[in-house]
Amino acid sequence: MNAEGRTKLNQTPEWTALAKHKEQLGEVRLRELFDTDPARGTVYTLRVGDLHIDYSKHLVTDETLALLRDLAAATDVFGLRDAMFRGEKINTTEDRAVLHTALRAPAGAVVEVDGEDVVPGVHAVLDKMSAFADRIRSGEWTGHTGKRIKNVVNVGIGGSDLGPAMAYEALRSFTDRGLTVRFVSNVDGADLHEAIRDLDAAETLFVIASKTFTTIETITNATSARNWLLTELQADESAVAKHFVALSTNTEKVADFGIDTANMFEFWDWVGGRYSYDSAIGLSLMIAIGPDRFREMLVGFHLVDEHFRTAPAEANVPLLLGLLGVWYGNFHDAQAHAVLPYSHYLSKFTAYLQQLDMESNGKSVDRDGERVQWQTGPVVWGTPGTNGQHAYYQLIHQGTKLIPADFIGFAKPVDDLRPGLVAQHDLLMANFFAQTQALAFGKTPDEVRAEGVPDELVPHKTFQGNHPTTTILATELTPSVLGQLIALYEHKVFVQGAIWNIDSFDQWGVELGKVLAKRVEPALTEGADVPGLDASTTALVARYRELRGR
Ligand code: F6P
């Protein structure tokens, strides 16, 4: 029990009931579950917006699901959800509201933070972004020398990079192909170098994306970009206004950097970095796909927000996905979760989710500041199928670890095929369906033997099966569907954080490394003596300096 009288998660009767249920169930076999209930493949499905969710290939029964929902009720997931939507400061360690849902609220909705309706401000920024995006796309906005902007380079990191970069890839077929759009994040100068090496500075717009406008990687890259631009154009600082815009919450720092604040697109402290690509942080994406497509994406987000806010527990998809993760992470000792999109356009989708999930729920202290006695967020990983099948699927099929996985696929390819190309989509999707089938049902020794396999090879060719998967199927990858998918995962992460009683909206764990990097840098550059540097790092720095010829 904590100071406010809340029973610790692992001491609640609902947790105990789940642990007992797990024991009683023993080893559930998916084959048996399907044999005893032939309707399972249609009954264990849900629908949200354009997303069809099949959760039949999970190691759960009706009782498991009911007990998981009891746990959600006992931990008041919906209570915290309502507090989030109401604009309460549920990010307690930073004393902030958590209102990314307000970013996609339709005009006219009312969402208050500290008594002020934030929706008009959201739409004012969206309108400003739209007008700017249109000016770039139409060629009305020109660079310092009067040339049309043909290249957009987004400079940001973490939430100020991963979201727009992922969505740009995902929606590439909706982009203006006449524009070159690139994303620079790494403080390794190679990133910026490669992004600009073939660009004409006179045709290039830099979008500097940083919530705080203090992030060292972004400010360093932005400074390099500004130096490059001014050198290339042989221009003075006045050229910056035509080639640099800022996306930030920090007007003062933007002005200090030399960007005209008229060219700043604002957002607010109640938007977490990893929840921000549907805010002004999405400007590069909006330039690429156009304001109408961007707004379609917001409609998709909002649709799932409304579903999460209003659907009953039994039909609530983010709740279900969150609970399934709890089932495996807390009651089956699963450490990882794979997200495997069968769309090459989603090549950056899982990398995006890594920040969303792992920065949110990678916590070991609960909301009361006490060490949790239960597992929290999983290691999230994955790449698009079918590539992964030829790399790491072996471990999922026959390794010793339980790795629940989400398979995301689409009925239709996005693009019309160029003449001469083979229609490959059905082959892609045949793999999609084959994998979840193989993972669930495996291949028994008898089945292997029946194929005439010699006895000594039978164990090697046997597949245990019983690997749980969720299948998410939609018609095609549109802006709205992308918004729906992202909102689905945002709320799934929310559900898990609520159950684990952690603050999913802070990220103190990234701070120590930043401080130490600042402290150690003078040792690298000047050989300065850094007080308190440990023996290993001291020796490594000395070796580094030697190799650098210093
Ligand atoms: O260091 C982590 C982090 O704070 C992320 O949460 C954030 O998305 C990223 O850095 C970038 O921060 P900013 O947008 O302020 O530059």
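Its first residue numbered 1, the sequence shown is counted upward by one per residue in the UniProt record's numbering. Glycine included, every Cβ here is placed at the ideal spot set by N, Cα and C. Computed from a predicted model, the values in this text were never measured in an experiment.
Beta-carbon gap between residue i and residue j smaller than 9 Å
i, j, result
"residue 162", "residue 185", "yes"
"residue 519", "residue 530", "yes"
"residue 575", "residue 397", "The first residue shown for the chain is 1 and the last is 550, placing residue 575 beyond what the model contains."
"residue 505", "residue 96", "yes"
"residue 291", "residue 126", "yes"
"residue 174", "residue 289", "yes"
"residue 30", "residue 465", "yes"
"residue 381", "residue 440", "no"
"residue 488", "residue 48", "yes"
"residue 607", "residue 413", "Look at the range of the chain in this structure, 1 to 550, and you will see that residue 607 is not part of it."
"residue 503", "residue 10", "no"
"residue 284", "residue 181", "yes"
"residue 230", "residue 151", "no"
"residue 268", "residue 110", "no"
Euclidean distance between Cα positions of residue i and residue j
i, j, result
"residue 86", "residue 271", "14 Å"
"residue 65", "residue 321", "11 Å"
"residue 225", "residue 199", "12 Å"
"residue 157", "residue 196", "17 Å"
"residue 348", "residue 391", "17 Å"
"residue 534", "residue 75", "43 Å"
"residue 532", "residue 219", "28 Å"
"residue 446", "residue 43", "30 Å"
"residue 553", "residue 281", "Residue 553 falls outside the range modelled here, since the chain spans only 1 to 550, and no answer is possible."
"residue 134", "residue 522", "45 Å"
"residue 143", "residue 194", "21 Å"
"residue 262", "residue 233", "22 Å"
"residue 70", "residue 13", "10 Å"
"residue 265", "residue 15", "46 Å"
"residue 203", "residue 259", "18 Å"
"residue 367", "residue 57", "34 Å"
"residue 169", "residue 345", "6 Å"
"residue 462", "residue 448", "6 Å"
"residue 67", "residue 207", "48 Å"
"residue 50", "residue 483", "11 Å"
"residue 336", "residue 245", "39 Å"
"residue 426", "residue 89", "47 Å"
"residue 341", "residue 550", "47 Å"
"residue 359", "residue 420", "44 Å"
"residue 192", "residue 153", "9 Å"
"residue 387", "residue 83", "41 Å"
"residue 124", "residue 295", "13 Å"
"residue 93", "residue 275", "17 Å"
"residue 485", "residue 183", "22 Å"
"residue 501", "residue 201", "49 Å"
"residue 160", "residue 325", "27 Å"
"residue 243", "residue 177", "20 Å"
Buried/exposed call for residue i, threshold 16 Cβ in 10 Å
i, result
"residue 238", "exposed"
"residue 216", "exposed"
"residue 457", "exposed"
"residue 363", "buried"
"residue 188", "exposed"
"residue 496", "buried"
"residue 411", "exposed"
"residue 395", "exposed"
"residue 436", "buried"
"residue 460", "exposed"
"residue 222", "buried"
"residue 138", "exposed"
"residue 373", "exposed"
"residue 227", "exposed"
"residue 514", "exposed"
"residue 424", "exposed"
"residue 393", "buried"
"residue 356", "buried"
"residue 273", "buried"
heavy atom of the ligand GDP below 8 Å from residue i C-beta
i, result
"residue 252", "Absence of the ligand GDP from the depicted structure is noted, with the ligand F6P being the only ligands included."
Can you list the alpha helix (DSSP H) stretches of 4 or more residues lying completely in the stretch 95 to 177, in chain order? 119 to 138, 162 to 170
Between the stretch 406 to 413 and the stretch 457 to 477, are three or more C-beta pairs nearer than 8 Å? Contact between the stretch 406 to 413 and the stretch 457 to 477 is present, with at least three C-beta pairs closer than 8 Å.
Within 8 Å, do at least three Cβ pairs link the stretch 238 to 250 to the stretch 202 to 216? yes
Pairing CB atoms from the stretch 294 to 301 with CB atoms from the stretch 87 to 105, are three or more of them under 8 Å? yes
For the stretch 213 to 284, list the beta strand (DSSP E) runs that are entirely contained and at least 3 residues long, ordered along the chain. 244 to 248, 264 to 266
Counting pairs of beta carbons, one from the stretch 375 to 391 and one from the stretch 327 to 341, are three or more of them closer than 8 Å? Of all C-beta pairs linking the stretch 375 to 391 to the stretch 327 to 341, three or more are shorter than 8 Å, placing the two stretches in contact.
Are the stretch 310 to 318 and the stretch 122 to 136 touching by the rule of at least three beta carbon pairs closer than 8 Å? no
Taking 8 Å as the cut-off, does the stretch 115 to 127 touch the stretch 538 to 545 (at least 3 CB pairs, one atom from each stretch)? As far as the Cβ criterion goes, the stretch 538 to 545 does not touch the stretch 115 to 127, which means the pair count is below three.
Counting only runs of 3+ residues fully inside the stretch 2 to 79, write out the beta strand (DSSP E) ranges in chain order. 45 to 48, 51 to 54
Would you list, in sequence order, the uninterrupted alpha helix (DSSP H) runs of no fewer than 4 residues that lie entirely inside the stretch 419 to 491? 425 to 441, 445 to 450, 458 to 461
Along the chain, which unbroken stretches of the alpha helix (DSSP H) at least 4 residues long are found entirely within the stretch 309 to 339? 317 to 331
Beta strand (DSSP E) runs contained entirely in the stretch 334 to 407, provided each spans 3 or more residues: 336 to 341, 379 to 381
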